[in-house]
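Residue numbers (my numbering): 107 to 211.
Virtual Cβ for every residue (Gly too), placed ideally from N, Cα, C.
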């Protein structure tokens with residue numbers, strides 16, 4: 107139970123458990139394989155990158171404020187709305203040094 111991961115221009119083998127490179131995946135251990143695979147890619151493989159993101163994010167957003175939001179609200183604050191109503195946006199837009207009726211607007 108191991109995975110081969112590309113690192114720059116080489117490939118490295120990452121065993122998930124002791125002697126994992128000597129264990130073949132079978133019907134009997136396939137659930138363990140999937141659990142270890144998910145754990146590797148979601149937790150271990152990106153742990154350094156996620157730690158940097160985590161501390162950077164929390165340096166900008168106080169964790170107390172985050173407790174007031176559900177995940178969907180936090181996503182909307184970070185990413186914005188998926189679709190934008192251009193008519194509503196046009197009504198509140200202030201135009202300077204141009205005519206709102208121009209073709210390029």
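* To do: List the endpoints of the continuous alpha helix (DSSP H) containing residue 145.
  => Locating residue 145 in the chain shown gives position 39, counting from the first residue. Taken as a continuous stretch (DSSP letters only), the alpha helix (DSSP H) holding residue 145 covers 136-145.
* Identify the continuous alpha helix (DSSP H) that holds residue 164 and give its terminal residues. => For the purposes of this step, residue 164 is taken as residue 58 along the chain shown, with counting starting at 1. Residue 164 -> alpha helix (DSSP H) spans 153-166.
* In chain order, what residues of the same chain lie with their CB nearer than 8 Å to the CB of residue 211, ignoring the 5 residues before and after it? -> On the chain shown, position 105 is the one that residue 211 refers to. If we look at residue 211 and ignore the five residues flanking it on each side, its Cβ neighbours are 201, 204, 205.
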